[in-house]
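*Asks:* Just so we're aligned: the sequence shown equals residues 12 to 246 in this note's numbering.
Would you mind keeping the following structure in view while I ask a few things?
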Amino acid sequence: MLRVEELRVAYGKIVALDGVSLGVGERELVAVIGANGAGKSSLLSALMGLVEPRGGAISFRGREITRFPSWERVRLGIALVPEGGRIFPDLSVEQNLRLGGYIIGRGEELSENLELVFSLFPVLKERFGQRAGTLSGGERQMLAIGRALMASPKLLLVDEVSMGLMPKLIPEILGTLVRLREERGMSVLLAEQNAREALQVVDRGYVLKNGRIALEGTAAELRENAEVKAAYLGL
């Protein structure tokens, strides 16, 4: 579904990604794990068209999209859940969700997507008319995911979904991503510093270190890797 080849991203003289290659298949959950500053957010920003790569290629469902603008990537079926669950705090929950579906407009698909969001996160239905800025941290993260789902994505890019969440909420939120794969056939690329939790739910993973892929393998292989255990799992 997604293929990234030799991707390079730099901010002035600072290189964020240096020749990153990876892939995500149909109905696959893939993690990119790494420490803060490893380049995870830069990777997702480049995939979403928010930063322009200095080199390399990005293809989605057999079509090269390296220079496509963000809105066209959304139309093709890619959506981003940004780091920290950024939402529009002065707008209502309803307005945030409807903004996520602006590509679709109005109609049956939008209503179906709204029902999907409510089935995953019933609390958002209860808070539908409430100002988003009054939500808890966990509810904001749910809203950020819900907003992305309103665009009917085939590939969901999720940046640091565990950031700022109470530990007991993290498995619940990650479990939602598993449900989206199982029930909706969605693919997910998860950029996550919390390797312990991420590697419990994904199929495969990549370890990003200083802007380069240092390791890759199945989730089970990475959980048993000595370097991963020492650096990311605290074992």
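We put the CB at the ideal spot given by N, CA and C, even for glycine.
For residue 242 and residue 172, what's the separation of their Cα atoms in angstroms?
*Replies:* 20 Å
*Asks:* By alpha-carbon positions, which one of 195, 80 and 219 ends up nearest to residue 201?
*Replies:* Comparing Cα positions, the closest option is 219.
*Asks:* Taking all protein chains shown into account, do 16 or more other C-beta atoms lie within 10 angstroms of the C-beta of residue 158, making it buried, or fewer, making it exposed?
*Replies:* Buried is the label assigned to residue 158, since at least 16 other Cβ atoms lie within 10 Å of its Cβ.
*Asks:* Tell me which same chain residues have a C-beta within less than 8 Å of the C-beta of residue 108, skipping the five on either side of it?
*Replies:* 125, 128, 135, 154, 157, 158 and 161
*Asks:* Between residue 38 and residue 196, how many whole angstroms is the CB-CB distance? I'm expecting something under 8 Å.
*Replies:* 5 Å
*Asks:* Is it the case that the segment 49-63 contacts the segment 95-105, given that we only count it when at least three CB pairs across the two stretches are under 8 Å?
*Replies:* Segments in contact, no.
*Asks:* Which partner residues of residue 243 appear in the DSSP bridge assignment?
*Replies:* In DSSP, residue 243 forms no bridge with anything.
*Asks:* Taking the continuous beta strand (DSSP E) assigned at residue 98, which residues delimit it?
*Replies:* Note, residue 98: premise wrong, no beta strand (DSSP E); not H, not E.
*Asks:* Taking only beta-carbon positions, decide if residue 162 is within less than 9 Å of chain D.
*Replies:* Absent from the structure is chain D; it holds one protein chain and no more.
*Asks:* Per DSSP, what kind of secondary structure is residue 27 in: helix, strand or coil?
*Replies:* strand
*Asks:* Going by DSSP, what residue range makes up the alpha helix (DSSP H) through residue 19?
*Replies:* Here residue 19 belongs to no alpha helix (DSSP H); instead the beta strand (DSSP E) covers 13-22.
*Asks:* How should residue 217 be labelled, buried or exposed, when 16 other C-beta atoms within 10 angstroms of its C-beta is the threshold for buried?
*Replies:* Taking a 10 Å sphere around the C-beta of residue 217, we find 16 or more other C-beta atoms and assign the residue as buried.
*Asks:* Mind checking residue 138: buried by the 16 CB within 10 Å criterion, or exposed?
*Replies:* Result: buried.
*Asks:* Using the Cβ count rule (16 or more neighbours within 10 Å means buried), how would you classify residue 237?
*Replies:* exposed
*Asks:* If you reduce the DSSP assignment to three classes, tell me which class residue 52 lands in.
*Replies:* helix
*Asks:* May I have a chain-ordered list of the beta strand (DSSP E) segments no shorter than 3 residues that lie completely inside the segment 150-238?
*Replies:* 166-170, 198-203, 215-220 and 223-229
*Asks:* Ignore the nearest five residues each way along the sequence and tell me which others in residue 227's own chain have a CB closer than 6 Å to its CB.
*Replies:* For residue 227, where only same-chain residues beyond five positions count, the Cβ hits under 6 Å are 217.
*Asks:* Once you ignore the five residues that flank residue 184 on each side, which residues in its own chain have a CB closer than 8 Å to its CB?
*Replies:* 149, 152, 153, 156, 172, 173 and 176
*Asks:* In its own chain, which residues sit with a C-beta less than 7 Å from the C-beta of residue 56, not counting the 5 before and 5 after it?
*Replies:* 62
*Asks:* Excluding the 5 residues preceding and the 5 following residue 189 in the sequence, name in chain order all residues of the same chain whose CB lies nearer than 8 Å to its CB.
*Replies:* For residue 189, where only same-chain residues beyond five positions count, the Cβ hits under 8 Å are 40 and 212.
*Asks:* Which residue from 181, 87 and 65 puts its Cα closest to that of residue 74?
*Replies:* Residue nearest to residue 74 within the set 181, 87 and 65 is 87 (criterion: CA-CA distance).
*Asks:* Between residue 191 and residue 199, how many whole angstroms is the CB-CB distance? I'm expecting something under 8 Å.
*Replies:* 7 Å
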